[in-house]
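Chemist: Let me give you the structure first, and then I'll get to my questions.
In our numbering, the protein residues as written are 155 to 299.
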């Protein structure tokens, strides 16, 4: 779909990226960034802007929580704001989110922009060997009355 030159972005389809600070490291080309932390404040504007687009695809990192929730909120808002609007718009969720998408298409500049190898292949910070010395002993937590 994204490579089909006959399809027009914001007319035939739009991809809505609801990742927050985890958007760093790359995104789907021509996607709209609508952070989940601000989604409720901006959903009316988003519906107004894309209500006529044929296909609206939502995603987050894995499309397990934020993406599906945003898609549901978008659809409910669209139906409430425009109850007489034809129900021909398709609303979809990108399977496996951007994590799965970038894993497959990260080297395709027609699909992904801003991909940062260092962000995606960064080493996990190891826990210190003396982890028990760093953790708080629950018995020392001060309780307020």
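For glycine and all other residues, C-beta sits at the position ideal for the given N, C-alpha and C. None of the values given here were measured: they were computed from a predicted structure.
How is the beta strand (DSSP E) around residue 210 delimited, first residue to last?
Modeler: Your numbering for residue 210 matches position 56 in the chain shown. Unbroken beta strand (DSSP E) run through residue 210: 209 to 213.
Chemist: Go ahead and pull the three-state DSSP assignment for residue 228.
Modeler: As a first step, residue 228 is located in the chain shown; it is residue number 74 there, counting from the start. Here residue 228 sits in helix by DSSP.
Chemist: Mapping the DSSP letters down to three states, classify residue 243 as helix, strand or coil.
Modeler: Walking along the chain shown from the start, residue 243 turns up at place 89. Three-state result, residue 243: coil.
Chemist: So for residue 163, helix, strand or coil by DSSP?
Modeler: Within the chain shown, numbered from 1, the residue matching residue 163 stands at position 9. Strand at residue 163.
Chemist: Going by C-alpha to C-alpha distance, which of 202, 203, 224, 192 sits closest to residue 211?
Modeler: The sequence position of residue 211 within the chain shown is 57, counting from 1. For the residues 202, 203, 224, 192, the minimum Cα distance to residue 211 belongs to 224.
Chemist: Verify whether the separation of the beta carbon atoms of residue 273 and residue 178 is less than 7 Å.
Modeler: Reading the chain shown from its first residue, position 119 is the one you call residue 273. Reading the chain shown from its first residue, position 24 is the one you call residue 178. Yes, Cβ-Cβ distance for residue 273 and residue 178 is below 7 Å.
Chemist: With a threshold of 16 other CB atoms inside 10 Å of the CB of residue 220, please say whether the residue is buried or exposed.
Modeler: Within the chain shown, the letter at position 66 stands for residue 220. Per the 10 Å Cβ criterion, buried.
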